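Residue numbering for the sequence shown follows our numbering, starting at 152 and increasing by one per position.
Single-structure report; data block below.
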Amino acid sequence: NEYKSYLRSTMRGRFEVTFTVVLVILAIALDMLTQSDRRHIVLNPPPSLTSLNVSYVNNLTNVHKISVYGGESMAMLDGMVYTGTQDNRMISFDPSTGGILLDTPCITPNTTECRILGIRSYNNRIYGVAKHDGLFIFNPRTKVFDWILYAKFGFLNDLVITNDRYIYFTESIHDFKAGCSILQRFYQFERKGKLFLYDMVEKSLQIVLRDLSVPNGVELDHSGTRLLISEAGRFRLIQYCLHTGAVQIFSQHTLGAIDNIRRSTDNTSYWLGISSLRMSDTTLADYLAQSSLLRYALTRYRISRAVLWPITRFFATGAGFYRINQDGGIISVHLDTSKPAIAYSEVLEAGRILLVGSPFRPHIVAIYNNDNN
152 NEYKSYLRST MRGRFEVTFT VVLVILAIAL DMLTQSDRRH IVLNPPPSLT
202 SLNVSYVNNL TNVHKISVYG GESMAMLDGM VYTGTQDNRM ISFDPSTGGI
252 LLDTPCITPN TTECRILGIR SYNNRIYGVA KHDGLFIFNP RTKVFDWILY
302 AKFGFLNDLV ITNDRYIYFT ESIHDFKAGC SILQRFYQFE RKGKLFLYDM
352 VEKSLQIVLR DLSVPNGVEL DHSGTRLLIS EAGRFRLIQY CLHTGAVQIF
402 SQHTLGAIDN IRRSTDNTSY WLGISSLRMS DTTLADYLAQ SSLLRYALTR
452 YRISRAVLWP ITRFFATGAG FYRINQDGGI ISVHLDTSKP AIAYSEVLEA
502 GRILLVGSPF RPHIVAIYNN DNN
């Protein structure tokens with residue numbers, strides 16, 4: 152019976168791949184024949200790296216790998232670093248040694264485990280968003296999760312606390328469902344993401360911004376008057392004025408799909424995590440933006456996932472992180488061109504140590520003797 156089940160699953164997998172390949176070939180052929188596309192999406196070209204300070208993470212010698220799988224976002228509290236893991240746990244570790252000090256599962260009110268993504272420290276507590284489940288406060292001493300907003304969401308990503316009352320958080324994908332590939336939703340270039348505001352006093356929730364294209368990271372700027380939001384699906388950063396509600400472009404050109412944004416301790420710059428590097432206009436995103444037929448073939452069917460992943464890995468040129476000034480200008484760039492290309496998500500300064508997280512890597516990268524470059 153096990154052998155028959157294995158044969159059935161193997162044949163089904165081969166059929167799915169073959170079907171998708173044929174579908175993609177037909178889409179390319181039709182696209183070439185029609186030479187027209189009513190759903191052409193314009194992506195701004197990436198910034199030039201000429202004359203910029205560029206280093207390569209895979210060539211650095213002062214790097215240590217801390218064994219934390221899927222530590223996408225990090226927060227410092229009492230000298231320790233807190234993060235969520237791929238297997239739905241909250242952990243803390245010593246940034247200088249990498250030693251794990253706390254390890255506890257993230258549990259919802261329904262006693263189910265949850266994936267922690269964005270995380271912050273505020274008033275001696277850890278605040279965070281769970282991927283599908285809402286907002287929580289974690290007490291490191293009692294190891295208890297207090298759910299201040301428990302509700303089902305599509306795909307929550309990041310949060311920022313602006314004061315004792317307000318929490319802003321992003322929903323990258325509104326209608327994300329089980330079995331859906333995040334890559335498929337990203338390459339659809341849909342504008343269904345949201346920025347939410349939760350009032351901890353009134354216990355109310357409101358939508359601040361709609362129609363965003365995969366909004367990931369959100370950060371309060373150094374002046375405390377506006378939010379910076381990474382709109383990964385358009386490869387840009389936008390800014391939202393807290394006083395007027397005005398929305399403007401902060402950076403029209405990013406070096407790829409940006410995940411989280413974090414303030415630097417120098418009070419003049421910001422760190423950006425690059426989940427997928429884009430240094431030219433010949434990436435997979437650019438090809439799919441120009442062809443609705445090919446985009447439809449690769450993103451609208453669940454079986455297309457089997458083909459989309461290897462195609463994405465073929466086109467991938469790397470990941471990394473970089474620092475920008477208060478006007479959006481690039482200060483320094485740190486790239487990782489090792490294969491396979493795996494996303495970076497966030498940068499946290501822990502004194503002289505620069506910690507770089509990732510939702511998919513089996514470790515957090517620690518760069519020692521950080522000189523804030």
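Cβ atoms here follow ideal geometry from the backbone N, Cα and C, with glycine treated the same way.
Keep in mind it's a predicted model, so treat the numbers as computed, not measured.
Ser-206: not part of any alpha helix (DSSP H); member of the beta strand (DSSP E) spanning 204 to 207, first to last residue. Under the DSSP assignment, Asp-437 falls outside any beta strand (DSSP E), being part of the alpha helix (DSSP H) whose first and last residues are 435 to 441. By the CB criterion at 9 Å, Asp-309 and Trp-298 fall outside the cutoff. With contacts defined by Cβ atoms closer than 9 Å, Gln-399 and Ile-389 form a contacting pair. Assignment of Val-369 by DSSP, reduced to helix, strand and coil, places it in the strand class.
Leu-334: not part of any beta strand (DSSP E); member of the alpha helix (DSSP H) spanning 333 to 338, first to last residue. At the C-beta level, Ile-192 and Val-219 stay beyond 9 Å of one another. Distance check between Ser-426 and each of Val-214, Gln-403 and Tyr-473 places Tyr-473 closest, using alpha-carbon atoms only.
By the Cβ neighbour-count rule, Arg-316 is exposed, with fewer than 16 other Cβ atoms within 10 Å of its own. Using a C-beta cut-off of 8 Å, the region 218 to 238 makes contact with the region 263 to 279, since at least three inter-stretch Cβ pairs fall below that distance. Around Ser-199, the same chain offers no residue with a beta carbon nearer than 8 Å, after the five sequence neighbours per side are excluded. With contact defined as three or more Cβ pairs closer than 8 Å, the region 347 to 358 and the region 474 to 490 are not in contact. In this structure Leu-346 is buried. Its beta-carbon is surrounded by 16 or more other beta-carbon atoms within 10 angstroms.
For Val-352, the three-state secondary structure derived from DSSP is coil. If you look at Tyr-301, you'll find it in the beta strand (DSSP E) that goes 295 to 301. For the options Phe-296, Pro-291, Tyr-273 and Arg-464, the alpha carbon positioned closest to that of Ala-281 is the one of Phe-296.
For Glu-322, the enclosing beta strand (DSSP E) begins and ends at 317 to 324. DSSP places His-485 inside the beta strand (DSSP E), whose first and last residues are 481 to 487. Beyond the five residues adjoining it in sequence on each side, Phe-304 comes within less than 7 Å, by CB distance, of His-283, Gly-285 and Glu-322 in the same chain, given in chain order. It is roughly 28 Å from the alpha-carbon of Arg-377 to the alpha-carbon of Ile-333. At the C-beta level, Tyr-233 and Leu-203 stay beyond 9 Å of one another.
Assigned with DSSP and collapsed to three states, Asn-411 falls in strand.
Asp-238 has its alpha-carbon roughly 25 Å from the corresponding atom of Asn-275. Our two residues, Tyr-278 and Leu-406, have alpha carbons roughly 29 Å apart in a direct line. For Asp-245, same chain residues with a beta-carbon under 7 Å away, outside a window of 5 residues either side, are Met-231 and Leu-252 in chain order. Taking 8 Å as the upper bound for CB-CB distance, Gly-508 and Leu-486 are not in contact here, some 16 Å apart. The three-state reading of DSSP puts Tyr-495 in coil, since its state is none of H, G, I, E or B.
If the five residues before and after Arg-336 are omitted, its C-beta is found closer than 6 Å to the C-beta atoms of Ile-324, all from its own chain and listed in chain order. Ala-397 has its alpha-carbon roughly 33 Å from the corresponding atom of Leu-228. Sequence-distant Cβ neighbours of Tyr-207 in its own chain, meaning closer than 8 Å and more than five residues away, are His-485, Leu-486, Asp-487 and Thr-488.
The alpha-carbon of Phe-306 is positioned some 8 Å away from that of Asp-326. Ser-483 and Gly-424 do not touch by the CB rule: their CB atoms are close to 14 Å apart, not below 8 Å.
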